[in-house]
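In the working numbering, each number is its position in the sequence shown, counted from 1, plus 7. Working notes, structure below.
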Amino acid sequence: MTCERVKKLLSPFLDGMLTEKERMAVEEHLATCTACQQEKEELQRLQKLLATEPEQTPGPDFQQRLKTRLARQPLGAGHWWLRLSKGKIVTGVASLVAALLLVTVVSFSLWPGVRALLNQENVYHSYADPTLTAKSMAGAPMKESGSPPASSSTVERKLIVTATLEIAVKDVQASFERLQARAGQFGGYVENAFLQGNQEREDQVQSASVTVRLPVAKLDSFLAGLGKEGRILTSQRSSQDVTLQYTDLEARLNNLKVQEKRLLELYQKATKVEDILRLEEQVGRVRGEIDSLTAQLKVMNNQVEFATITVNLQKDQAAGIGVDGEGFWAQLQLAFWEGTNQLVQDAWQVLLSLVYNFWRLLLAGGILGLAIFWLKRKLKN
8 MTCERVKKLL SPFLDGMLTE KERMAVEEHL ATCTACQQEK EELQRLQKLL ATEPEQTPGP
68 DFQQRLKTRL ARQPLGAGHW WLRLSKGKIV TGVASLVAAL LLVTVVSFSL WPGVRALLNQ
128 ENVYHSYADP TLTAKSMAGA PMKESGSPPA SSSTVERKLI VTATLEIAVK DVQASFERLQ
188 ARAGQFGGYV ENAFLQGNQE REDQVQSASV TVRLPVAKLD SFLAGLGKEG RILTSQRSSQ
248 DVTLQYTDLE ARLNNLKVQE KRLLELYQKA TKVEDILRLE EQVGRVRGEI DSLTAQLKVM
308 NNQVEFATIT VNLQKDQAAG IGVDGEGFWA QLQLAFWEGT NQLVQDAWQV LLSLVYNFWR
368 LLLAGGILGL AIFWLKRKLK N
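Written as structure tokens, this is what we have:
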């Protein structure tokens, strides 16, 4: 039992509220830990000090003074709404209703975009390739970040690296399917994938995202072929050295295995029932920690051995209007048409949201209208 756990149990321990098993564990820890023993003695001194304090009771005139003060308080002084006029109440309620309707309309209108954002997952996984090059991501600005490498030359480095790209393609659904097929060709698998838009019509699929896991040795080859899908808008690779964390987990796991071996030896020699039960509890706790650390090492090894690449696809508007994307004026033309297209899409989404939520808005408006009508009648009466 740790010191932190024992300190939390000291108060119920002194009050005699622990179970027999917990009480024995606390006593066993206090016998070997000076700090926890001092904490216990401090709590005991505090209990004795509080026991000597006399109980405080209100004076004999307390009730009379309270009644006098309440009698002086004007009726309705504590309720600001009772001091409002009928006109202010009606104006306030009308403003509140208008605000609620506006928020409802805007919320429902923006819901398709919000839902699409919620469906996207920013995945950060890893690979253990100490060589990071921008050659495989040519054609897009490269951002690289990473933690400093491990200083020890005798320990194998464990690196976690993430690669994320955004590509503008002519046919989102076709590229989406090709990326998933390429993952299998390179000995990997698709971890996450989704399409946004009308999947029944390929020309209406607007965006997609594919997250794949690949062996580290095949990562650069996989990335080198992504430029064929379309225009690479952004790309990013980052590395993180987790050698220290991995070594720490391994050391803790080895220590726990040694501890388990000693406990099992003591268990074989134990003759008293009390000792056997206590050793069984300790062996169970150690084995639980061993299983937990083993699982953590397994996950970390998977992250190190396999790279994770997230590719976000979006429809290339330049391909639809015949802009090659080269030159100053071409970029201005592309920006204009992309902005116009986005405005049309947003207006269409707002219209569809209003139609889709028509009955909900009608029901909400009816309920609020009845509430206003009832409130006006109450105020007139």
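In this text, a Cβ means the ideal position worked out from N, Cα and C, and glycines have one as well. In this text the structure is predicted, and so the values were computed from the model without any measurement.
Kindly indicate the opening and closing residues of the alpha helix (DSSP H) around Lys-28.
27-37
How long is the line joining the alpha carbons of Ser-360 and Gln-213, rounded to whole angstroms?
18 angstroms
Nearest-angstrom Cβ-Cβ length linking Asp-323 and Gly-237, presumed shorter than 8 angstroms
6 angstroms
Spatially closest choice to Val-249 from Cys-10, Gln-266, Asn-308, by CA coordinates
Asn-308
Between Leu-263 and Val-293, is the Cβ-Cβ spacing less than 8 angstroms?
yes
In whole angstroms, give me the CA-to-CA distance for Phe-183 and Ile-239.
15 angstroms
If you draw a straight line from the alpha carbon of Ser-18 to that of Glu-287, how long is it in whole angstroms?
27 angstroms
With contact counted as at least three CB pairs below 8 angstroms, one residue from each stretch, are the stretch 186-195 and the stretch 218-227 in contact?
yes
Whose CA, out of Leu-16, Lys-28, Glu-27, lies closest to the CA of Cys-43?
Leu-16
Roughly how many angstroms separate the alpha carbons of Ser-246 and Leu-202, rounded to a whole number?
28 angstroms
Please go through the same chain and pick out, in chain order, the residues whose beta-carbon is closer than 8 angstroms to the beta-carbon of Arg-185, but skip the five residues on each side of it.
Glu-236
What's the gap between the Cα of Glu-29 and the Cα of Thr-169?
46 angstroms
Span of the beta strand (DSSP E) holding Thr-315?
313-322
Would you grab the beta carbon distance between Thr-301 and Leu-260 for me? Rounded to a whole angstrom, and I think it's under 8 angstroms.
7 angstroms
Could you give the distance in angstroms between the alpha-carbon of Leu-320 and the alpha-carbon of Gln-349?
16 angstroms
Same chain, Cβ closer than 7 angstroms to Gln-266, neighbours up to 5 away in sequence not counted:
Val-293
Roughly how many angstroms lie between the CA atoms of Thr-317 and Gln-180, to the nearest whole one?
16 angstroms
Three-state secondary structure (DSSP) of Val-265:
helix
Going by beta carbon distance, what residues of the same chain come within less than 6 angstroms of Val-362, once the five residues before and after it are set aside?
none
Phe-343 versus Trp-336: straight-line alpha-carbon distance, rounded
11 angstroms
Going along the chain, which residues of its own chain have a beta-carbon closer than 8 angstroms to the beta-carbon of Arg-384, five neighbours each way excluded?
none
What is the DSSP secondary structure of Val-3, counted as helix, strand or coil?
With the chain running from 8 to 388 in the structure shown, residue 3 is simply not present.
For Leu-172, the first and last residue of its enclosing beta strand (DSSP E):
166-176
Which residues DSSP lists as bridging Ser-214, in chain order:
Gln-203, Gln-321
Where the beta strand (DSSP E) containing Asp-248 begins and where it ends:
238-248
Could you tell me which residues DSSP pairs with Pro-222 in its beta bridges?
Phe-313
Using the C-alpha atoms, what's the distance from Lys-165 back to Gln-252?
9 angstroms
If you reduce the DSSP assignment to three classes, tell me which class Gly-146 lands in.
With a pLDDT of only 41 at Gly-146, under 50, the local geometry of the prediction cannot be trusted, and no value is derived from it.
In three-state DSSP terms, what is Met-24?
coil
Just reading off the alpha helix (DSSP H) that Leu-233 is part of, what are its end residues?
From DSSP, Leu-233 is part of no alpha helix (DSSP H); its letter is neither H nor E.
Could you give the distance in angstroms between the alpha-carbon of Leu-50 and the alpha-carbon of Glu-296?
32 angstroms
Span of the alpha helix (DSSP H), counted from its first residue to its last, around Ala-277:
Segment: none, Ala-277 is in no alpha helix (DSSP H) and carries neither H nor E.
Is it buried or exposed, Leu-369, if we count other Cβ atoms within 10 angstroms and call 16 or more buried?
exposed
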